[in-house]
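S.K.: Numbering (my numbering), first residue to last: 166 to 564. Even glycine gets a Cβ: it sits at the ideal position worked out from N, Cα and C. Predicted model, so just to flag it, every value in this text is computed and none were measured.
(1) By alpha-carbon positions, which one of 193, 296 and 269 ends up nearest to residue 217?
(2) For residue 287, which beta-bridge partners are listed by DSSP?
(3) Mind checking which residues open and close the beta strand (DSSP E) that includes residue 248?
(4) Does any C-beta atom of chain C lie closer than 8 Å to the C-beta of residue 407?
(5) How far does the beta strand (DSSP E) with residue 228 in it extend, from its first residue to its last?
(6) Helix, strand or coil: which one does DSSP assign to residue 323?
(7) Does DSSP classify residue 363 as helix, strand or coil?
(8) Taking 8 Å as the cut-off, does the segment 398-408 touch the segment 169-186 (at least 3 CB pairs, one atom from each stretch)?
(9) Let's see if you can read the secondary structure: which residues bound the alpha helix (DSSP H) around residue 180?
(10) If you drop the 5 nearest sequence neighbours on each side, which residues of the same chain put their C-beta closer than 6 Å to that of residue 464?
(11) Between the alpha carbons of residue 460 and residue 471, how many angstroms are there, rounded?
(12) Is it right to say residue 419 is buried, meaning 16 or more other beta carbons lie within 10 angstroms of its own, or is it exposed?
(13) Relative to the C-alpha of residue 585, which candidate in 514, 301, 239 and 268 has its C-alpha closest?
(14) With distances taken Cα to Cα, identify the nearest neighbour of residue 288 among 266, 309, 306 and 280.
(15) Residue 227 and residue 251 - do their beta-carbons sit closer together than 8 Å?
(16) In the structure shown, what three-state DSSP assignment does residue 264 receive?
(17) Report the residue ranges of all alpha helix (DSSP H) runs contained in full by the segment 434-514; include only those spanning at least 4 residues, in chain order.
(18) Based on Cα-Cα distance, which residue from 479, 446, 321 and 487 lies nearest to residue 524?
(19) Need the endpoints of the alpha helix (DSSP H) that residue 541 sits in, please.
(20) Who are the near neighbours of residue 305 in its chain, counting only those whose CB is closer than 7 Å to its CB and skipping five residues on each side?
(21) Determine the direct distance from the alpha carbon of residue 422 to that of residue 441, and round the result to whole angstroms.
(22) Got a sec? Which residues, its chain only, sit under 7 Å from residue 372 by beta carbon, not counting five neighbours each side?
(23) Since residue 537 contacts residue 394 with CB under 8 Å, what's their CB separation in whole angstroms?
(24) Spatial neighbours of residue 409 within its chain, please: C-beta separation below 7 Å, excluding the five flanking residues on both sides.
(25) Would you tell me roughly how many angstroms separate the C-alpha atoms of residue 268 and residue 225, rounded to the nearest one?
(26) What three-state label does DSSP hand residue 333 in the structure shown?
(27) Specify the secondary structure class of residue 560 as computed by DSSP and reduced to three states.
(28) Using the three-state DSSP reduction, which class does residue 392 fall into: helix, strand or coil?
(29) Using the C-alpha atoms, what's the distance from residue 220 back to residue 182?
(30) Can you tell me the Cα-Cα spacing of residue 212 and residue 277, whole angstroms?
(31) The alpha helix (DSSP H) spanning residue 237 covers which residue range?
(32) In whole angstroms, what separates the C-alpha of residue 560 from that of residue 553?
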């Protein structure tokens, strides 16, 4: 193979791609603007809406309690809820969002509590509605406070210390460094996004350089050039790899910068809902692990799209590949799926898992080396298959 000839093909394809609006959109516009806008915008809206739901004074229906004036007086004085008239159709009103929750108070609540009997209070809410959940938590806290106050009063009457209620105090201390805590938050989603973006960035140019060439009728002209098929494949491959890595790099960089700006703009209160920034060392290590995976994607996409006669047909071939990539990448989210000798040889899943560990601040160098080598093997197989197909006239000139 002639590296000089491959670079000539690469430069030619790069110039053509930069003139193509589809490549510009997938490689530059989507990662720089759309991806950060969606991720950070959704985080910001989630923070705002959840905060608004927490600040809402919920409408609560109290069922019973007519014979318990002390309880009703405390409920009327409780400023965090708004009591509404009793209605037998409280379930329908909760589901229709006319009220947020309802609480059923047993008969003789005050008398039972004063005697020290156990009192059962039922709270009705909708688990599918977050404001209803907040309302249920608020009214539950109200009754828990009454319970604690009643227990303390009973201890005072019997001259017992308050420690009787809590003979054992269990404390938990977090030993995770702050940077690792930030990394653990990012590690849940960032490896998945990087892998998907690498595939997304390689998809359009791979289809254009193969099926697009056939559709435009320029494939035969390129094959007649005094460049070997291997040099031709390698030049096209370098372009696909460039767009794949550029897309992922621009997306992560843009998201980090936007996240830093958003945290300063809306304050520390929303910091937990925004994608945090990560150390440069971790990002560099992640991209080093993604590199052979991008090579694998580039070779596989070139080979797959080469079977198509048109760009649209290539899209139908490539679409199922997205599912094959998303499923193992998303599997790393599942509890119990960890980095071990069984998962390090599963393509895509191994890279997602090791990147998850790296971003959390843990470097398993043995696993990292094995995963890098195995990914290089898969990438070599994909590239070799792409070169083999480019030497097959039946595939290249398929009508």
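M.R.: Answer, in terms of the structure:
(1) In the chain shown, the residue the question calls residue 217 occupies position 52. Out of 193, 296 and 269, 296 has the C-alpha closest to the C-alpha of residue 217.
(2) One-based indexing of the chain shown puts residue 287 at position 122. Looking at the DSSP assignment, residue 287 forms a beta bridge with 269.
(3) Here residue 248 refers to the residue found at position 83 of the chain shown. 247-249 is the extent of the beta strand (DSSP E) around residue 248.
(4) Among the chains in the structure shown there is no chain C, since it carries only a single protein chain.
(5) Counting from 1 along the chain shown, the entry for residue 228 is found at position 63. First-last of the beta strand (DSSP E) with residue 228: 224-228.
(6) By one-based count along the chain shown, residue 323 stands at place 158. Three-state result, residue 323: coil.
(7) Within the chain shown, the letter at position 198 stands for residue 363. Residue 363 falls in the helix class under three-state DSSP.
(8) Contact between the segment 169-186 and the segment 398-408 is present, with at least three C-beta pairs closer than 8 Å.
(9) As a first step, residue 180 must be located in the chain shown, where it is residue number 15. Run containing residue 180: 168-183, per the alpha helix (DSSP H) assignment.
(10) Indexing the chain shown from 1 puts residue 464 at position 299. Contacts found: 547, 548 and 551.
(11) Taking the chain shown and counting its residues from 1, the one referred to as residue 460 is at position 295. Taking the chain shown and counting its residues from 1, the one referred to as residue 471 is at position 306. Near 17 Å, if we compare the C-alpha coordinates of residue 471 and residue 460.
(12) As a working note, residue 419 is residue 254 in the chain shown. That one is buried.
(13) Residue 585 lies beyond the residue range present for the chain, which begins at 166 and ends at 564; the question has no answer from this structure.
(14) Counting from 1 along the chain shown, the entry for residue 288 is found at position 123. Comparing Cα positions, the closest option is 266.
(15) Here residue 251 refers to the residue found at position 86 when the chain shown is read from its first residue. Here residue 227 refers to the residue found at position 62 when the chain shown is read from its first residue. Cβ atoms of residue 251 and residue 227: closer than 8 Å.
(16) By one-based count along the chain shown, residue 264 stands at place 99. If DSSP states are grouped into helix, strand and coil, residue 264 belongs with coil.
(17) 445-471 and 476-496
(18) Stepping through the chain shown from its first residue, residue 524 is reached at position 359. Selected option, being the one with the closest Cα: 446.
(19) On the chain shown, position 376 is the one that residue 541 refers to. Counting along the chain, residue 541 sits inside the alpha helix (DSSP H) bounded by residues 530-555.
(20) Residue 305 sits at position 140 when you count from the first residue of the chain shown. Non-local C-beta neighbours of residue 305 in its own chain, meaning closer than 7 Å and more than five positions away in sequence, comprise 288, ordered along the chain.
(21) Along the chain shown, one-based indexing puts residue 441 at 276. Along the chain shown, one-based indexing puts residue 422 at 257. Bear in mind that the predicted position of residue 441 carries a pLDDT of just 49, short of 50, making it unreliable; the figure below should be weighed with that in mind. When rounded, the distance between both Cα atoms is 10 Å.
(22) Numbered from its first residue, the chain shown carries residue 372 at position 207. Cβ neighbours of residue 372 beyond the five flanking positions: 470, 476, 479, 480 and 483.
(23) The count along the chain shown starts at 1 and reaches residue 537 at position 372. The count along the chain shown starts at 1 and reaches residue 394 at position 229. No, residue 537 and residue 394 are not in contact; Cβ-Cβ is about 29 Å, not under 8 Å.
(24) In the chain shown, counting from the first residue as 1, residue 409 sits at position 244. The residues are 363, 366, 367, 459, 462 and 463.
(25) Locating residue 268 in the chain shown gives position 103, counting from the first residue. Locating residue 225 in the chain shown gives position 60, counting from the first residue. Straight-line Cα distance between these residues: approximately 7 Å.
(26) The count along the chain shown starts at 1 and reaches residue 333 at position 168. Three-state result, residue 333: coil.
(27) Working through the chain shown from its first residue, we reach residue 560 at position 395. In this structure, residue 560 counts as helix in the three-state DSSP scheme.
(28) For the purposes of this step, residue 392 is taken as residue 227 along the chain shown, with counting starting at 1. Residue 392: coil per DSSP, three-state reduction.
(29) The residue labelled residue 182 in the question sits at position 17 within the chain shown. The residue labelled residue 220 in the question sits at position 55 within the chain shown. A straight line joining the alpha-carbon of residue 182 with that of residue 220 spans about 51 Å.
(30) As a working mapping, residue 212 is identified with position 47 in the chain shown. As a working mapping, residue 277 is identified with position 112 in the chain shown. Residue 212 and residue 277: Cα-Cα distance of roughly 42 Å.
(31) For this step, residue 237 is matched to residue 72 along the chain shown. From DSSP, the alpha helix (DSSP H) with residue 237 extends over 234-242.
(32) As a working note, residue 560 is residue 395 in the chain shown. As a working note, residue 553 is residue 388 in the chain shown. Cα-Cα distance, rounded: 10 Å.
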